[in-house]
Amino acid sequence: MNLLGSWSLIRAFTVLVYLFMFLPVAVVILLAFNANQFGSFPMEGVSFRWFVELWNNEAIVRAFKTSMLLGALTAVISATLGVLASLALVRYDFRGKSLITTALIAPILVPEVVLAVALLLFLRWLEMPKSFPLLLLGHVIFTLPFVVLIVQARLVAVRREFEEAALSLGANAFHTFREVTLPLIMPAVFAGVIFAFTISFDDVTGTLFWKPGGVETVPTQIFAMLRNSISPEINALGAVMVVVTVAVPLLGAAIARRMAAALK
Amino acid sequence: MAAADADAPGARPWLLMSPALSAVTLLLAIPVCFILVYSFWLRTAAGGEQTGFYLDNWIEVLTDEFYRDILIQTLRIAGLSTLFCILLGYIPAYFIARSTTRHKAALILLLMLPFWISYIIRTMSWINILGVSGALNVFLLWSGLISEPLQILYNEATVILGLVHFLLPFMILNIYVSIDGIDTNLADAARSLGATGWQTFREVTLPLSMPGLAAGSLLCFVLGAGTYITPMILGGPRNAMFANLVFEAIITQLNWPLGSALSLVLLLVLGAVVMVYTRYAGIGQLAKSFK
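Taken in order, these protein sequences are the chains called D and A. Residue 264 in the working numbering sits at position 264 of the first sequence; the count goes up by one each step and never skips. Residue 1022 in the working numbering sits at position 22 of the second sequence; the count goes up by one each step and never skips.
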């Protein structure tokens, strides 16, 4: 165990790296409570005024609503497509299976900028203007691989005998799915939904390409605000962002664990 | 799905997959073909496109020194970021894998956390630290070490810093998975045969952790080379990366054919890197990091 000098040196180095990862984010959250009118040090007391300002800033509230709606729709569509595809890939044998698996995972292998340009060009060729549905489709295509990966992994572990038992008792395929398979894979479906929601909620790369003029999501709103200078309002918005993108998955993981435990 | 019951059993998987497959076909496969087609079109003075087969965009992209320099700059920034991720990431990954403390689970959870924390927030957080009135300058002024705030932001170093901050968890996680899979008996065997701690690491642990190191490096390099947000937020006017050129061409200049050719260059360069990697390491290792 005693290599690269000593174990305590290794531990100290690890602590420093963790500080490097989290300290900058902690500073954002700290400054969000700064009473000062500038988004910087020194702090001048603790205040919630910037969160109140956020609440009263119409553009930000609109961006927040857009992001929530976009994230929720992305999650639902992506999870539906992902679950159906995973069922086919795990429960059936057919030709070209590995090719199709690769195709479904391909969106995470293509650089997001290229994916963004490609989709935009296609829409232009179809002479369709940028719109919210386009933004939604874009988000669906790059969250889909994650849902497929997560649901597939769970489905492999669900024994086929359960489904066969239901079928032999006279349930049809849809009934079997609704009463047996879906409840068994629910934790993974739920995880996929959360995953897709947070990826969508956080995305800025594709969104900047796809969003119609005048529509902003929270990240693109932050991006636009950064062009001026960093204000306490951005830090407050950042703090809210951190809470949404961290608390939602953590809460989701806790619920998923409960669901998984309830199945045993 | 109830309707599928009547069909031959062979049709059902295709029915189940068809929504996802149509999505991938319509939103990825066909669009990517369109980039190729568009890259041979020309932009007219009126802002429209001249359809046909012209090599002008390609000649411009492949011969103009401006594009070549930015491509090299992109590869350099991504390469250096990857290198720093290895230097900063290996030891923590080793620590987590070999740690026997009860904090191990917490350390792994903390490692997952940055994946959830918003990318744009993590990037902009450095302005609070390195900006003219950021934490570092305020501290240095207060301590009397400097009398004027330093201009530390908006250069290549801060772009690399931002990228390392963003990419490091990918690296640590990949190396951790790899080291965690190494049988500890191997290291013990080496030690019992008289190897020193350093020799054991160099001859046993390091070579066996190479797959994780390689997968982590590939992810860091490809993600780093494809970004344009980090240079936009933390870079100066001269720190553009290749994806910024694409953004500029498509969103600002509305020059779709040129933007297409530039996207393809990025896709081909990064695709080549992935191909070289899969040739030597296999794609399976990469899939592990998503589990």
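For every residue, glycine included, the Cβ atom is placed at its ideal position computed from N, Cα and C. These numbers come from a predicted model, not from an experiment.
Apart from the 5 residues on each side of it in sequence, threonine 205/D sits with its Cβ closer than 8 angstroms to the Cβ of Glu112, Val113, Ala116 in its chain, given in chain order. Identification of residues in the region 151-183 of chain D having a C-beta nearer than 9 angstroms to some C-beta of chain A yields Ala153, Asn172, Ala173, Phe174, His175, Phe177, given in sequence order.
Counting other Cβ atoms within 10 Å of its Cβ, phenylalanine 48/D stays below 16 and is therefore classed as exposed. Contact residues of the region 1117-1132 of chain A toward chain D are Ile1117, Ser1118, Tyr1119, Ile1120, Ile1121, Arg1122, Met1124, Ser1125, Trp1126, Ile1127, Asn1128, Ile1129, Gly1131 (C-beta to C-beta distance below 7 angstroms). Within its own chain, the residues whose Cβ lies closer than 8 angstroms to the Cβ of alanine 173/D, once the five positions on either side in sequence are excluded, are Leu167, listed in chain order.
For leucine 1266/A, the three-state secondary structure derived from DSSP is helix.
By the Cβ test, the region 141-153 of chain D is not in contact with the region 1057-1074 of chain A, since fewer than three Cβ pairs between them sit closer than 8 angstroms. Relative to leucine 1163/A, the option among Ala1249/A, Met1241/A, Leu1213/A whose CA is nearest is Met1241/A. For the 9 angstroms CB-CB criterion, tyrosine 1228/A and phenylalanine 1247/A form a contact. Uninterrupted beta strand (DSSP E) stretches at least 3 residues long and entirely within the region 1109-1196 of chain A do not occur.
Proximity of serine 1192/A to chain D, defined by a Cβ-Cβ separation below 9 angstroms, is not satisfied. The beta carbon of methionine 1232/A falls within 9 angstroms of a beta carbon belonging to chain D, placing the residue at that interface. Annotation: leucine 99/D to leucine 119/D spans about 22 angstroms, alpha carbon to alpha carbon. Using a Cβ distance threshold of 9 angstroms, leucine 135/D and proline 219/D do not count as a contacting pair. When secondary structure is reduced to three states using DSSP, leucine 87/D falls in the helix class. With contacts defined as CB atoms closer than 9 angstroms, leucine 1267/A and valine 1032/A qualify as a contacting pair. Contact note: histidine 1103/A does not reach chain D at a C-beta cutoff of 7 angstroms; the least C-beta distance is about 10 angstroms. Exposed is the label assigned to glutamate 1065/A, since fewer than 16 other Cβ atoms lie within 10 Å of its Cβ.
Under DSSP, glutamine 1050/A forms a beta bridge with Leu1042/A. Close to chain D, meaning a Cβ-Cβ distance shorter than 7 angstroms, are the following residues of the region 1029-1041 of chain A: Ile1030, Pro1031, Val1032, Phe1034, Ile1035, Tyr1038.
Between tryptophan 125/D and chain A, the shortest Cβ-Cβ separation is below 9 angstroms. Of all alpha-carbon atoms in Ile1030/A, Ile1121/A, Tyr1094/A, the one lying nearest the alpha-carbon of threonine 1184/A is that of Tyr1094/A. DSSP, reduced to helix, strand and coil, places asparagine 1255/A outside both helices and strands of the structure shown, so it counts as coil. DSSP places valine 204/D in the coil class of the three-state scheme, outside both helix and strand. Taking the C-beta atoms as reference points, alanine 1281/A is found nearer than 9 angstroms to alanine 1214/A. The Cβ-Cβ distance between isoleucine 255/D and methionine 241/D does not fall below 9 angstroms. Taking 7 angstroms as the upper bound on Cβ-Cβ separation, chain A lies near residues Val140, Ile141, Leu144, Leu149 of the region 139-150 of chain D.
By the C-beta criterion, the region 1165-1176 of chain A is judged to be in contact with the region 1088-1104 of chain A, since at least 3 inter-stretch pairs fall below 8 angstroms. Per DSSP, lysine 211/D lies in no alpha helix (DSSP H) segment and is marked neither H nor E. Of all residues in the region 1078-1098 of chain A, only Leu1088, Gly1089, Ile1091, Pro1092, Tyr1094, Phe1095, Ile1096, Arg1098 come within less than 8 angstroms of chain D when Cβ atoms are compared, listed by chain position. Taking all protein chains shown into account, serine 8/D has fewer than 16 neighbouring C-beta atoms within 10 Å of its C-beta and is therefore exposed.
For asparagine 34/D, the pairing in a beta bridge is given by DSSP as Val46/D. For glycine 82/D, the chain A residues whose C-beta falls within less than 9 angstroms of its own C-beta are Ala1020, listed in chain order. The residues Gly1235, Gly1236, Asn1239, in chain order, have a CB closer than 8 angstroms to that of asparagine 1155/A in the same chain once the five nearest residues on each side in sequence are set aside. Using a Cβ-Cβ cut-off of 9 angstroms, phenylalanine 1170/A does not count as an interface residue toward chain D, since no Cβ of chain D sits closer than that to its own. Taking C-alpha positions only, threonine 198/D is separated from glycine 71/D by approximately 7 angstroms.
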